[in-house]
Amino acid sequence: MDAKEYFERIRDEVASIEHAKEMLARLKAREGAKAQSYSAGGGGGGSDPMDAINGRIDFEGRLERRIADSQAEVDEACVLLYGADNRGGLAKLKGNRYADALCMAYLQAMQWDEIADVMQCSRQWCRELCNTGFRYIDEVGFAALKDI
């Protein structure tokens, strides 16, 4: 796997986690207060309101495990970019701008417009920083970046 594939996989995972968190927020909102019925038969519907809550709790547990697993991958990628002590990695060897562009685009799954705004450069230049960073990582290797 080359550097671009590695970081794209992590970006997809980050985006998936964000989507799952949004789903969780919608599930919690659905559990909110509902209109009270004072009719003799109640409000109808045979479902137990606790079913939705229990389902959300189960989902939340799975989500938390998934986030923890994914966070380990993101942390590993951060070591490649910034080193274990935040003073190494790609940032030390090639420059902070390359590491920052990769971090925002792939570890934070930011949009190119947002990255360009933060980096104070064009979207195209941000993409070029990332592509140059990928090529450099492929040249020196993952292990070399982790050791620096």
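Here the numbering used here is used: the sequence shown runs in plain steps of one and ends on residue 151.
Glycine included, C-beta positions come from ideal geometry on N, C-alpha and C.
Q. Distance, Cα to Cα, tyrosine 109 vs isoleucine 56?
A. 34 Å
**Q.** Selected residue, minimal CA-CA separation from threonine 135, among Gly86, Asp150, Leu96
**A.** Leu96
Q.
I'd like to know whether the C-beta atoms of isoleucine 151 and glycine 98 end up nearer to each other than 8 Å.
A. no
Q.
Taking the beta carbon of glycine 86 as the centre, do at least 16 other beta carbons fall within 10 Å, making it buried, or is it exposed?
A. buried
(Q) Within a Cβ cutoff of 7 Å, which residues of the same chain sit near leucine 132, ignoring the five residues on either side of it in sequence? (A) Arg100, Tyr101, Ala104
Q) Does DSSP classify asparagine 134 as helix, strand or coil? A) helix
**Q.** Cβ-Cβ separation, cysteine 106 to leucine 83 (assumed contact under 8 Å), whole Å
**A.** Incorrect: roughly 10 Å between the Cβ atoms, too far for contact.
Q) Cβ atoms of leucine 27 and glutamate 63: under 8 Å apart, would you say? A) yes
Q | Reduced DSSP secondary structure (H/G/I, E/B, other) of lysine 97 | A | coil
Q. From arginine 69 to aspartate 54, what does the alpha carbon distance come to, in whole angstroms?
A. 22 Å
Q. Looking at C-alpha atoms only, which residue of Cys129, Glu25, Val17 is the closest neighbour of aspartate 72?
A. Val17
Q: If I'm right that arginine 29 touches alanine 112 with Cβ under 8 Å, what's the distance once you round it to whole angstroms?
A: Contact doesn't hold; Cβ gap of about 20 Å is too wide.
Q: May I ask you to report which of helix, strand or coil DSSP gives alanine 28?
A: helix
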